[in-house]
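Undergrad:
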Amino acid sequence: MVSIDTRPSALLGRAGERERLAELVGSARNGRGSALLIRGEPGIGKTALLDEATREVVGARVVRAHGFEAEQAMPYAALQRLGAPFTELVESLPERQAAALRIAAGVDDGPPPDRYLVGLGMLSLLAAAAERQPLVCVIDDAHLVDVESLEVLAFVGRRLEAESVALMLATRPDARVDVTAAGVAVLELGGLDGPTSVQLLNRAADEPVDPYLATRFAEETGGNPLALIDLGREFTAQQLTDSSLALGPVPIGLRLESTYLRRVEALPDPTRRWLGIAAAESTGRPELIDEAAARLGAGADAAGPAELAGLVSVRERVRFRHPLVRAAVYNAMPAAERREVHAMLREVADAHGRPDLAVWHAAAAAAGVDDAVADRMELAADAAGGRGGTASRARLLAGAADLTTPGPLRDARLIAAAEAAAAAGAAQLALELLDRIDPATADPVTEGRLLLLRAMLALFVADAEGVLGGTANLLRAAELFHGLAPELEQRALVRAFEVELTAEWAVAGATLPELGERLAAGADVADGPRSIALRGLAAHILLPYEQAVPPMRAAVEMLVASDDAQLLDLGYFGIALTMGLWDEQACIDLLERTASAARDTGNLRVLDTTLWLLGEVELVRGDPAASARYVEEVRELRRAIGYDAEQVVNAAVLAWAGAPVEVVEQVAQGTLASGFVGAHTIAMTGLSTRDLADGRPDAAYARLAPMVARDFLQVTYQQLPELVEAGARSGRGDEPAVRDAAARLARFAEVSGTPWIRGVSARAAALLAADADADALYREAIGYLAATGSRGELGRAHLVYGEWLRRVKRRRDAREQLRVALAIFERVAAPAFAARARRELEATGEHVVAHVPGESTADALTPQEATVARLASAGRTNAEIGAELFISANTVDYHLRKVFRKLGITSRRQLAERYPAG
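Counting from 1 along the sequence shown, just add 14 to a position and that's the residue number in our numbering.
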């Protein structure tokens, strides 16, 4: 039961807000974690509300961290402060997570960790700490928190479930925070209501304020508590009543800054000097502020009058009464004085061994171009990148470029900043940085990097023009790299092929043969994995199949032999080659290895893409149930990242699952409009398969014939057997297009020889064969396909064989084949094919009871529970399942307990029997 805090409050109003935060804390004490982002204007009472919510918390430990402007380009600065009390628990975490936290903190050296792996480590660390005592984590001024810490905190907030952790973040309205913290619950903190505002104003004033004027001030300030309090303290009741004041603007926002500034101006000169230094050193470290003040002539007791005036408090940190006070002091300093103060703070920070702070102050002290400071910022950027701080690296490099003399070095820093921003997922920032580079004055390598990055960003932001023109732009980039940067040339060429698959037949500015010729030439510019890849891809495009297979196989074998880091670096071209070789198992194995490597490194963006592609391959294998599981994993992953998971829709899965055709076509049209033509083709192929399942071979043929006529690489290969079945069932078996498709499949089977293509080819041949030859071909198809993981393809072989057997009056044999087909289709969740098999069985005279999804207890499991159950049934530990799903081991245990209860079991052994993996 959630415990609600009902103690008396010194905070006026806010009853509903206090209750919501009390529920958050109470839930954490009761083992249910959650997070809340409190958003409101300056002075609205965010900090006061946090203080009230955590005042004398019973039964939980409160840990705090604040955001500081000077630390915004210091990766994981706020996270280190939050996690500092639990350092001794890091060693108890899974090794990869512990290593990520140590590298992010700068304690260890190693490969820069992805921020999501750091996030999982932080989630595990807080969960471990909460095992000892429930935690309340408070982050104030979240809009000033460094990007990496904010992303990790948002990730943790989205994944809290069965942990005794409450996470509270307070922020001003800020677009960056809104994007980063998407998916975290938000409490909008508005002004106080009229009666409470009047009460607060009177509490702050020395004498009662006229009720009419008090009400007017409440309206004018919008119920802003800080403005009301400072009105009451700044002016007497008589002054507030004075008509000239009453009719003038009420001090709030910038006007409130001027009110504070009047207080500052009344202080002694040394105190004003000290306040200026404190305002410039936003981390509030007294040792730095006092030493800089002493060097600039402010005495040791200069802070005293500022404290007495209620403008600051000096404890373990210097804290201004409110950020508006700091802003008033800082903005009042002349530019030259600000630079002088920052220059001194740079010296002091260096003397205290804080190069991260020193570089920030050095940049603030610079006036115009300063190449020395720019060099120092670049070194800081490299250090940030080494800790996994790609966003901080981008920010520092962009700042360094601002201070760099125009020329090649400035452009190089801008392009590096854009690349770091893109790696951090900040696509718009990356594009803005690229826009600052003039291609006409850039050197060839910089211009090539610009084109390469723009092409990749076009995919990220779904820029149709950029996607369709991506191949041509990448070929142009490769030409710019030629003779200067061979590794980049080959990288651009591999990416050109991948973009070609995305844009498919609608590619603009480059033909497929042109691409093939350029890939072949690029294979010779340097040896290595990409050279092997380019030879295989060029052969795939240019050579007859029998000549293309050996270099294609060599490229696949290179991928199989690659370690995880190289596999992640090489990209996704292996899908095209394995599908072209009809080696679906090699394709699945490579993608599953890529997914595992992405999980291990915390690279959720690569994992997202890989899971999506695994879903597409499972559809090619005819297993929509497996495909739907991958789509659900993508949904859950995007919830973790903070994207709108409800937008994850796979049109081809919808087609297989029985969605209305017009809905599938509408979704597919959306992908076409964004330039993802390959995804549209896959959706149309799914609809053609659905047409076949529903007994509409003419409609299937009409969809397939134009696609096959375009003859686009391996995508076409998967459509050939569908065209043969559509032709055979619609009376077009003797048409040249159908016979040619069957002949091509036979040639592929002869050259490639995998069980998959042998089975598919035999099935196609059986559909076109005379009755005397068909029986053996059907049996051959079933034999080969039974040796593959393509269960749907096997089911379809049994189906068409059963249909043929019924047609030739072998009803008993037909029933045997159709029962097998029906069982397969029900297991892989292919309702249209199951209905077709059921109709055929009934035509043999057998009564069939329709399978109703949802009848079994297992069907009642949520997608998250089903995924946990599947992984647990395969023998994974809670820690391993948590790492795979980016949740804590506590949450895994929570879901497993619910699975056991729903299935009526008590052990993992029973789970494996009741909910088998696969």
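Backbone N, C-alpha and C fix where the C-beta goes; we use that ideal spot for every residue, glycine too. Computed from a prediction, not measured in an experiment: that's the story for all the values here.
1. Fully enclosed by the segment 658-734, which beta strand (DSSP E) runs are 3 residues long or longer?
2. Whole angstroms is fine: what's the gap from Gln728's alpha carbon to Met593's?
3. Got a sec, what are the start and stop residues for the alpha helix (DSSP H) Ala180 sits in?
4. By how many angstroms is the C-alpha of Gly588 removed from the C-alpha of Ala491?
5. Can you tell me where the alpha helix (DSSP H) with Asp154 in it begins and where it stops?
6. Can you tell me whether Glu70 is helix, strand or coil according to DSSP?
7. Check His496 in the structure and name its three-state DSSP category.
8. Give the DSSP-derived three-state secondary structure of Phe900 in the structure shown.
9. Does Arg368 come out as helix, strand or coil in the three-state DSSP assignment?
10. Pick out whichever of Asn216, Leu781, Trp770 has its Cα sitting closest to the Cα of Ala800.
11. Just mark His861 as buried or exposed, buried being the case when its beta carbon has 16 or more other beta carbons within 10 Å.
12. To the nearest angstrom, how far is the alpha carbon of Thr210 from that of Ala218?
13. Could you pull out every residue in the same chain whose Cβ sits closer than 6 Å to the Cβ of Ala763, ignoring the five residues on either side in sequence?
14. At which residues does the alpha helix (DSSP H) containing Ala314 begin and terminate?
15. Put Leu174 into one of helix, strand or coil per three-state DSSP.
16. So, Ala742 versus Ala779, is the Cβ gap smaller than 8 Å?
17. How long is the line joining the alpha carbons of Phe847 and Leu836, rounded to whole angstroms?
18. For the ligand NAP, is there any heavy atom lying closer than 7 Å to the beta carbon of Phe334?
19. Quick one: what's got a C-beta closer than 7 Å to Arg119's C-beta in the same chain, skipping five residues either side?
20. Could you tell me whether the Cβ atoms of Val882 and Val834 are closer together than 8 Å?
21. Using DSSP's beta-bridge definition, name the partner residues of Phe334.
22. Once the 5 residues before and after Leu428 are set aside, which same chain residues still bring their CB inside 6 Å of it?
23. Return the residue from the list His909, Gly918, Lys916, Asn904 that minimises the CA-CA distance to Ala144.
24. For the 8 Å Cβ check, are there 3 or more pairs between the segment 299-310 and the segment 282-289?
25. Who are the near neighbours of Ser576 in its chain, counting only those whose CB is closer than 7 Å to its CB and skipping five residues on each side?
26. Taking C-alpha atoms, which residue in Arg78, Ile919, Ala323, Ala308 lies nearest to Arg276?
27. Nearest-angstrom Cα distance between Val681 and Arg335?
28. Of the choices Pro565, Thr516, Met136, whose alpha-carbon is the least far from that of Ala537?
29. Is the beta carbon of Ala395 closer than 8 Å to that of Leu411?
30. First and last residue of the alpha helix (DSSP H) that includes Ser296?
31. Return helix, strand or coil for Ala49, following the three-state DSSP convention.
32. Output the distance between the C-alpha atoms of Glu233 and Gly27, rounded to the nearest integer angstrom.
33. Can Arg172 and Val198 be called in contact, C-beta distance under 8 Å?
34. Is there contact here, the segment 610-623 with the segment 650-658, by at least three beta-carbon pairs under 8 Å?
35. Taking the beta strand (DSSP E) that Arg78 belongs to, which residues open and close that run?
36. Report the start-end ranges of each alpha helix (DSSP H) in the segment 398-423 that is 4 residues or longer and not cut off at the edges.
TA: The relevant details are as follows:
1. Runs found: none.
2. The residue labelled residue 728 in the question sits at position 714 within the sequence shown. The residue labelled residue 593 in the question sits at position 579 within the sequence shown. Met593 has its alpha-carbon roughly 6 Å from the corresponding atom of Gln728.
3. Position 166 of the sequence shown, counted from the first residue, corresponds to residue 180. From DSSP, Ala180 is part of no alpha helix (DSSP H) but of the beta strand (DSSP E) over 179-185.
4. Residue mapping note: residue 491 aligns to position 477 of the sequence shown, counting from 1. Residue mapping note: residue 588 aligns to position 574 of the sequence shown, counting from 1. Their Cα atoms are separated by approximately 22 Å.
5. As a position in the sequence shown, residue 154 is number 140, starting the count at 1. Asp154 -> not in any alpha helix (DSSP H); beta strand (DSSP E) instead, spanning 149-154.
6. The residue labelled residue 70 in the question sits at position 56 within the sequence shown. Coil.
7. By 1-based counting over the sequence shown, the position of residue 496 is 482. Coil.
8. Here residue 900 is taken as the residue at index 886 of the sequence shown, counted from 1. DSSP places Phe900 in coil when its eight states are reduced to three.
9. As a working note, residue 368 is residue 354 in the sequence shown. Looking at Arg368 - three-state DSSP - the assignment turns out to be coil, as it is neither helix nor strand.
10. Within the sequence shown, residue 800 is the residue found at index 786, counting from 1. Nearest C-alpha to Ala800: Trp770.
11. Counted from its first residue, the sequence shown places residue 861 at position 847. Its Cβ having fewer than 16 others within 10 Å, His861 is exposed.
12. Numbered from its first residue, the sequence shown carries residue 210 at position 196. Numbered from its first residue, the sequence shown carries residue 218 at position 204. Taken atom to atom, the span from the alpha-carbon of Thr210 to that of Ala218 is near 12 Å.
13. For this step, residue 763 is matched to residue 749 along the sequence shown. Sequence-distant partners of Ala763 (beyond 5 residues in either direction) whose C-beta falls short of 6 Å from its own C-beta, in its chain, are Ile771, Arg772, Ser775.
14. Here residue 314 is taken as the residue at index 300 of the sequence shown, counted from 1. Segment: none, Ala314 is in no alpha helix (DSSP H) and carries neither H nor E.
15. For this step, residue 174 is matched to residue 160 along the sequence shown. Coil, per DSSP.
16. Residue mapping note: residue 742 aligns to position 728 of the sequence shown, counting from 1. Residue mapping note: residue 779 aligns to position 765 of the sequence shown, counting from 1. No.
17. Looking up residue 847 in the sequence shown gives position 833. Looking up residue 836 in the sequence shown gives position 822. Cα to Cα, the separation comes out at about 8 Å.
18. Inclusion of the ligand NAP in the displayed structure is not the case, the ligand content being empty and no account of it being possible.
19. Residue 119 sits at position 105 when you count from the first residue of the sequence shown. A quick correction: the sequence has Ala, not Arg, at residue 119. Excluding positions up to five away in sequence, the list reads Tyr90, Gln94.
20. Reading the sequence shown from its first residue, position 868 is the one you call residue 882. Reading the sequence shown from its first residue, position 820 is the one you call residue 834. Taking 8 Å as the Cβ cut-off, Val882 and Val834 do not qualify as a contacting pair.
21. To locate residue 334, count along the sequence shown from 1; it is residue 320. Its beta-bridge partners are Val326.
22. For the purposes of this step, residue 428 is identified with residue 414 of the sequence shown, where counting begins at 1. Shown here for Leu428: same chain residues with a beta carbon closer than 6 Å to its own, the five before and five after excluded, namely Ala415, Leu447, Arg450, Ile451 in chain order.
23. Residue 144 sits at position 130 when you count from the first residue of the sequence shown. Closest option to Ala144, Cα to Cα, is Asn904.
24. Two segments are said to touch when three or more pairs of C-beta atoms, one from each, lie closer than 8 Å; by this definition the segment 299-310 touches the segment 282-289.
25. Residue numbering aside, residue 576 sits at position 562 when the sequence shown is read from its first letter. Only residues of its own chain outside the window of five on either side were considered, and among them Pro543, Leu584 have a CB closer than 7 Å to the CB of Ser576, listed in chain order.
26. On the sequence shown, position 262 is the one that residue 276 refers to. Checked all of Arg78, Ile919, Ala323, Ala308; the closest Cα to Arg276 is Ala323.
27. Against the sequence shown, residue 681 aligns to sequence position 667. Against the sequence shown, residue 335 aligns to sequence position 321. Approximately 54 Å, taken between the alpha carbons.
28. The residue you call residue 537 lines up with position 523 of the sequence shown. When each option's Cα is compared against that of Ala537, the closest is Pro565.
29. Here residue 411 refers to the residue found at position 397 when the sequence shown is read from its first residue. Here residue 395 refers to the residue found at position 381 when the sequence shown is read from its first residue. In terms of Cβ geometry, Leu411 and Ala395 form a close pair [threshold 8 Å].
30. Locating residue 296 in the sequence shown gives position 282, where the first residue counts as 1. Looking at the DSSP string, Ser296 is not in any alpha helix (DSSP H), and its letter there is neither H nor E.
31. As a working mapping, residue 49 is identified with position 35 in the sequence shown. Three-state result, Ala49: strand.
32. Here residue 233 refers to the residue found at position 219 when the sequence shown is read from its first residue. Here residue 27 refers to the residue found at position 13 when the sequence shown is read from its first residue. The straight-line gap from Cα to Cα measures roughly 16 Å.
33. Taking the sequence shown and counting its residues from 1, the one referred to as residue 172 is at position 158. Taking the sequence shown and counting its residues from 1, the one referred to as residue 198 is at position 184. Yes, they are a contact pair.
34. The segment 610-623 vs the segment 650-658: in contact.
35. Here residue 78 refers to the residue found at position 64 when the sequence shown is read from its first residue. That run of the beta strand (DSSP E) goes 75-80.
36. Here the runs fully enclosed are 404-416.
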